[in-house]
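The sequence shown begins at -15 in the working numbering and counts up by one.
The structure appears below as structure tokens.
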Amino acid sequence: MYMKSISFFDVDEEILMSRRFAALSALAVGGMIAAACAAPASGTAPASECGRWAGQGPEFLTLEDEVLTGSDGCNGLNGSYSREGDTLAVRLGLSTLKACMGVDTWLRRVATATIAGDTLTVFDRAGSRIGILTRAV
């Protein structure tokens, strides 16, 4: 039976190659994630929806890669969204349904939203404007 002898330098080279591959893979994945929320390069680019949007109170939404999370100030929200131009179509998923005294839970009625710069205007299913969120820094 033939056995290949492995030197210390062969092992180091394999480890180095594995680390290079891992680093390049991480850079590639990071680039894809960044590109998913980047504005198109040509023409007048629409504002990105990605990031955190907050209201005047405790309500907020976080939008990233067509996934929505947030809170109406009382209950957690989650779901998904799709974008066409400056309009987002929202599909809420499961969320908590606690009763909170003195909290206006308007955000849980979101059906669509429009983006204009750093302003996200929120509409219900009837198309009525129910609130405004601004891009959080």
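Beta carbons: idealized from backbone N, C-alpha and C, even for Gly.
Q) Alpha carbon to alpha carbon, how far is G115 from D49? A) Within the sequence shown, the letter at position 131 stands for residue 115. Within the sequence shown, the letter at position 65 stands for residue 49. CA-to-CA, the gap between G115 and D49 works out to about 23 Å.
(Q) For E68, report the span of its beta strand (DSSP E) as first-last. (A) As a position in the sequence shown, residue 68 is number 84, starting the count at 1. First-last of the beta strand (DSSP E) with E68: G60 to E68.
**Q.** Residue span of the beta strand (DSSP E) that contains S79, given as start and end
**A.** Position 95 of the sequence shown, counting from 1, holds the residue named residue 79. That residue, S79, is in no beta strand (DSSP E); it is neither H nor E in DSSP.
Q) Nearest to F44 by CA position, among R92, S112 and T80, is which residue? A) One-based indexing of the sequence shown puts residue 44 at position 60. Looking at the Cα atoms, R92 is the closest of the given residues.
Q: Taking the CB atoms as reference points, tell me whether T98 and T105 lie closer together than 8 Å.
A: Position 114 of the sequence shown, counting from 1, holds the residue named residue 98. Position 121 of the sequence shown, counting from 1, holds the residue named residue 105. Note that the C-beta distance between T98 and T105 is below 8 Å.
Q) Hey, how far is the Cα of V87 from the Cα of S55? A) Taking the sequence shown and counting its residues from 1, one reaches residue 87 at position 103. Taking the sequence shown and counting its residues from 1, one reaches residue 55 at position 71. About 11 Å.
**Q.** For R113, three-class secondary structure by DSSP
**A.** In the sequence shown, the residue the question calls residue 113 occupies position 129. In the structure shown, R113 adopts extended strand secondary structure according to DSSP, grouped into three states.
Q. Cα-Cα, which of C84, C34, V121 and N59 is closest to R67?
A. The sequence position of residue 67 within the sequence shown is 83, counting from 1. For the options C84, C34, V121 and N59, the alpha carbon positioned closest to that of R67 is the one of C34.
**Q.** With 16 other Cβ atoms within 10 Å as the buried cut-off, status of V94
**A.** One-based indexing of the sequence shown puts residue 94 at position 110. Counting the other CB atoms within 10 Å of its CB gives V94 a total of 16 or more, which places it among the buried residues.
Q.
I'd like the list of long-range same chain contacts for G60, defined as Cβ closer than 8 Å, with 5 residues on each side in sequence excluded.
A. Residue numbering aside, residue 60 sits at position 76 when the sequence shown is read from its first letter. Excluding positions up to five away in sequence, the list reads T53, G54, S79 and T80.
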